[in-house]
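Asker: To start, I am sharing the structure in question, which I have written as structure tokens.
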Amino acid sequence: MVAEVLSRIHAFTGTLAIKIILLGAVFLLMPVIFYRLFQIADAQQTEFLVRTVEQKGTLIASLLTPHLARFQDESPDELQRALNDVATNGSNIKILVRPTGNAASTGFLYVVSAPAVSADYLSEERKRLIEIGVFDKLAPTCDTNAAPTLRFTNPAGKPEVLTSMSPVHIGANCWVIITSQDTEALINTSIGQPVWRTTTIQIAFLVYLMSAAIMAWLFLAMWRNIDRFRIAARKIRMHGAGETSFREMNTIPELAGVADDFDSLVTALKESRDFIIRAAEENAHALKAPLAVITQAIEPLKRATPETNLQARRSLDLIERSAARLDLLVSATRDIEQAAADVIYPTSRRINLSSYLAQLVAAYETTLHAEGKRLQSTIERDVYTYASEEAMESIIENLLENAASFTEPGGTVEVSLNGDDGFANLTVADDGPGVPPEQLPRIFERYFSDRSSMPERANGRNAAPSEQHYGLGLWIVRRNVEGLGGRLSAHNRETGGFAVTVSFATG
Numbered sequence: 018m019v020a021e022v023l024s025r026i027h028a029f030t031g032t033l034a035i036k037i038i039l040l041g042a043v044f045l046l047m048p049v050i051f052y053r054l055f056q057i058a059d060a061q062q063t064e065f066l067v068r069t070v071e072q073k074g075t076l077i078a079s080l081l082t083p084h085l086a087r088f089q090d091e092s093p094d095e096l097q098r099a100l101n102d103v104a105t106n107g108s109n110i111k112i113l114v115r116p117t118g119n120a121a122s123t124g125f126l127y128v129v130s131a132p133a134v135s136a137d138y139l140s141e142e143r144k145r146l147i148e149i150g151v152f153d154k155l156a157p158t159c160d161t162n163a164a165p166t167l168r169f170t171n172p173a174g175k176p177e178v179l180t181s182m183s184p185v186h187i188g189a190n191c192w193v194i195i196t197s198q199d200t201e202a203l204i205n206t207s208i209g210q211p212v213w214r215t216t217t218i219q220i221a222f223l224v225y226l227m228s229a230a231i232m233a234w235l236f237l238a239m240w241r242n243i244d245r246f247r248i249a250a251r252k253i254r255m256h257g258a259g260e261t262s263f264r265e266m267n268t269i270p271e272l273a274g275v276a277d278d279f280d281s282l283v284t285a286l287k288e289s290r291d292f293i294i295r296a297a298e299e300n301a302h303a304l305k306a307p308l309a310v311i312t313q314a315i316e317p318l319k320r321a322t323p324e325t326n327l328q329a330r331r332s333l334d335l336i337e338r339s340a341a342r343l344d345l346l347v348s349a350t351r352d353i354e355q356a357a358a359d360v361i362y363p364t365s366r367r368i369n370l371s372s373y374l375a376q377l378v379a380a381y382e383t384t385l386h387a388e389g390k391r392l393q394s395t396i397e398r399d400v401y402t403y404a405s406e407e408a409m410e411s412i413i414e415n416l417l418e419n420a421a422s423f424t425e426p427g428g429t430v431e432v433s434l435n436g437d438d439g440f441a442n443l444t445v446a447d448d449g450p451g452v453p454p455e456q457l458p459r460i461f462e463r464y465f466s467d468r469s470s471m472p473e474r475a476n477g478r479n480a481a482p483s484e485q486h487y488g489l490g491l492w493i494v495r496r497n498v499e500g501l502g503g504r505l506s507a508h509n510r511e512t513g514g515f516a517v518t519v520s521f522a523t524g
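Count along the sequence shown from 1, add 17, and you get the number used in the numbering used here.
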């Protein structure tokens with residue numbers, strides 16, 4: 018039980034599709050996991066920087082407070098020099114004042130800035146800060162010491178981050194020291210914006226997309242190449258070698274050796290098929306030659322043997338019948354070997370099955386008429402398929418002979434051919450006794466023959482050697498149909514009789 022469960026698990030997990038699905042699931046989870054890690058790392062970095070800039074703003078405010086207290090007494094240049102001394106690269110410091118008695122958020126006026134900018138620049142920046150609600154935090158008490166970490170675009174069109182806002186009370190006036198940083202100075206943190214907008218995340222996402230595209234390209238190339246191999250195998254099986262090869266269909270250089278090995282295997286199969294057919298023909302010819310001599314030698318012996326010599330006449334009759342049976346067995350053996358060769362490597366081409374079938378039916382109709390039987394055919398025109406003419410001839414002849422053998426004199430053998438849904442469907446039916454239901458699964462087995470439902474001959478004698486059946490006809494049909502990549506089925510007809518249908522792809 019455990020071994021069976023493990024075997025099923027191995028079979029399930031061993032498929033390439035499952036591995037691709039699992040890899041895809043991992044690949045989809047990666048950005049979620051790494052994005053969360055980036056969020057945590059960026060939050061820690063942002064927290065550290067916010068504390069740093071807060072402390073920096075507080076320090077700047079404490080250094081400038083003495084100058085703000087002496088603003089009325091000392092030269093404005095002194096405040097500008099002090100501001101320049103504390104301003105670092107990438108920092109922007111601006112000092113504003115709200116005069117006594119003005120509690121509105123719009124009542125703040127610029128005094129000085131570092132780096133120094135024009136009055137128009139300061140006026141425009143003041144409007145933008147009012148619009149984003151910076152001064153609302155200070156009105157009306159002017160006692161909020163906050164680090165809003167807001168991103169805004171300065172009048173020069175460059176992005177800045179408002180990092181600290183320190184109010185200083187000097188008498189009745191409210192002084193505010195605002196510090197901001199150029200975004201380049203914040204080492205790509207997400208201060209004031211979503212984390213996915215940081216350069217690090219965007220670069221990581223771009224790398225991920227490129228990796229996904231390369232992986233998809235790789236899998237698509239492999240899948241398409243495997244599909245090309247499948248198409249090549251089908252073409253070689255259905256149409257024969259020469260039209261295509263695995264090397265021609267291969268597009269991945271690393272699989273060139275595999276493609277060459279497949280082509281070598283196809284060549285070996287073709288050579289094996291040719292050898293089997295040649296050996297079957299040679300063996301059949303070698304065995305039939307002495308049988309023909311024996312058959313010819315019997316005739317003068319029969320003429321020379323008196324009718325009164327019953328024992329000699331019986332012996333000659335046994336020899337004649339045995340020679341005929343051996344001749345049939347040799348032919349059957351040759352057909353078996355040829356059928357096996359066609360299964361190993363069928364050589365097919367596109368044929369007009371309608372025309373080919375019509376010719377065979379017309380030739381076979383004469384034989385049926387001589388036996389007092391009729392042949393009725395319904396053949397759709399221009400039905401094409403890929404097949405070997407030798408294998409197709411064997412299929413049709415065996416089906417006709419099987420149907421004729423179960424048809425009594427006066428009966429009818431029916432042949433029909435039609436194209437439907439990409440398949441050429443050939444049906445051969447008789448109006449005989451049919452096949453017992455319990456025997457239906459075995460009718461295509463080798464050496465299986467059940468004619469118990471057939472009526473005995475009127476004279477009570479057994480069938481002649483030429484009429485004996487060895488259970489090879491339908492087996493040869495099955496082997497040839499499978500070798501050509503077709504399918505077959507059989508059933509008892511509701512109106513009486515038996516029908517066999519073979520189907521072949523039309524493309």
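Glycine included, every Cβ here is placed at the ideal spot set by N, Cα and C.
1. With a Cβ-Cβ cutoff of 8 Å, do residue 514 and residue 436 count as a contact?
2. Are the beta-carbon atoms of residue 301 and residue 348 separated by less than 8 Å?
3. Go ahead and pull the three-state DSSP assignment for residue 322.
4. For residue 108, count neighbouring C-beta atoms within 10 Å of its own C-beta (all shown protein chains included) and say buried if the count is 16 or more, exposed if not.
5. Which first and last residues belong to the alpha helix (DSSP H) in which residue 438 is found?
6. Would you identify the three-state DSSP class for residue 106, choosing helix, strand or coil?
7. Could you give the first and the last residue of the continuous alpha helix (DSSP H) run that contains residue 137?
8. Using DSSP with H/G/I as helix, E/B as strand and the rest coil, what is residue 400?
9. Using a 10 Å radius around the Cβ and a threshold of 16 neighbouring Cβ atoms, would you call residue 183 buried or exposed?
10. Taking buried to mean at least 16 other C-beta atoms within 10 Å of its own C-beta, is residue 65 buried or exposed?
11. Could you tell me whether the Cβ atoms of residue 526 and residue 396 are closer together than 8 Å?
12. Quick check on the burial criterion: 16 or more other C-beta atoms within 10 angstroms. Buried or exposed for residue 174?
13. Counting Cβ pairs closer than 8 Å, one from the stretch 424-441 and one from the stretch 400-409, do we hit at least three?
14. Would you identify the three-state DSSP class for residue 291, choosing helix, strand or coil?
15. Near residue 103, which residues of its chain fall below 6 Å by C-beta distance, leaving aside the five closest residues on each side in sequence?
16. Let's see if you can read the secondary structure: which residues bound the alpha helix (DSSP H) around residue 264?
17. Put residue 251 into one of helix, strand or coil per three-state DSSP.
18. To the nearest angstrom, report how far apart residue 521 and residue 328 are at their CA atoms.
19. Taking 8 Å as the threshold, find out whether the stretch 135-154 comes into contact with the stretch 37-46 through three or more Cβ pairs.
20. Once the 5 residues before and after residue 441 are set aside, which same chain residues still bring their CB inside 6 Å of it?
21. Work out the CA separation of residue 379 and residue 474 for me, nearest whole Å.
22. Identify the residues that DSSP records as bridge partners of residue 522: which are they?
23. Do the stretch 269-277 and the stretch 237-256 make contact, defined as three or more Cβ pairs closer than 8 Å?
24. Can you name the residues that DSSP bridges to residue 562?
25. Quick one: give me the first and last residue of the beta strand (DSSP E) that residue 183 is part of.
26. Does any CB atom of chain D fall closer than 8 Å to the CB of residue 326?
27. Count the other CB atoms within 10 Å of the CB of residue 112; is the residue buried (16 or more) or exposed (fewer)?
28. Determine, using beta-carbon pairs with one atom in the stretch 135-143 and one in the stretch 86-102, whether at least three such pairs fall under 8 Å.
29. State the Cα-Cα distance for the pair residue 459 and residue 448, rounded to the nearest angstrom.
30. For residue 131, count neighbouring C-beta atoms within 10 Å of its own C-beta (all shown protein chains included) and say buried if the count is 16 or more, exposed if not.
31. Roughly how many whole angstroms lie between the Cα atoms of residue 89 and residue 68?
32. Do residue 128 and residue 190 have their beta-carbon atoms positioned less than 8 Å apart in this structure?
Answerer: Walking through what the data contain:
1. No Cβ-Cβ contact shorter than 8 Å links residue 514 with residue 436.
2. Against a cut-off of 8 Å, the Cβ pair of residue 348 and residue 301 comes out as a contact.
3. Looking at residue 322 - three-state DSSP - the assignment turns out to be coil, as it is neither helix nor strand.
4. Counting Cβ neighbours within 10 Å, residue 108 comes out buried, since at least 16 surround it.
5. Element bounds for residue 438: n/a, residue is neither H nor E.
6. Reduced to three states, the DSSP call for residue 106 is coil.
7. It spans 136-148 - the alpha helix (DSSP H) in which residue 137 sits, taken as one unbroken run.
8. Coil, per DSSP.
9. Residue environment: residue 183 is assigned as buried (16 or more neighbouring CB atoms within 10 Å of its CB, all protein chains considered).
10. Looking at its Cβ environment, which holds fewer than 16 other Cβ atoms inside 10 Å, residue 65 is exposed.
11. Only positions 18 to 524 of the chain appear in this structure, which leaves residue 526 out of reach.
12. Burial call: exposed.
13. Contact between the stretch 424-441 and the stretch 400-409 is present: 3 or more CB-CB pairs across the two stretches fall below 8 Å.
14. The three-state secondary structure of residue 291, taken from DSSP, is helix.
15. Only 77 and 80 meet the Cβ criterion.
16. Going by DSSP, residue 264 is part of the alpha helix (DSSP H) stretching over 263-266.
17. DSSP places residue 251 in helix when its eight states are reduced to three.
18. Distance from the CA of residue 521 to the CA of residue 328, rounded to the nearest whole angstrom, comes to 55 Å.
19. Taking 8 Å as the limit for Cβ pairs, the verdict is that the stretch 37-46 does not touch the stretch 135-154.
20. Cβ within range, chain order: 370, 400, 402, 521 and 523.
21. The pLDDT assigned to residue 474 is 45, lower than 50, so where the model puts this residue is not dependable, and the model offers no usable value.
22. Residue 522 pairs with 440.
23. Judged by Cβ distances under 8 Å, the stretch 269-277 makes contact with the stretch 237-256, as three or more pairs qualify.
24. Any property of residue 562 remains undetermined from this structure, which presents the chain solely from 18 to 524.
25. According to the DSSP assignment, residue 183 belongs to the beta strand (DSSP E) that extends over 176-187.
26. Of the chains in the structure shown, none is chain D; there is only one protein chain.
27. With 16 or more other Cβ atoms within 10 Å, it is buried.
28. The stretch 135-143 makes no contact with the stretch 86-102, as fewer than three CB pairs between them are under 8 Å.
29. The straight-line gap from Cα to Cα measures roughly 20 Å.
30. When all chains shown are included, residue 131 counts as buried.
31. Taking C-alpha positions only, residue 89 is separated from residue 68 by approximately 33 Å.
32. No, these two residues do not count as a Cβ contact at 8 Å.
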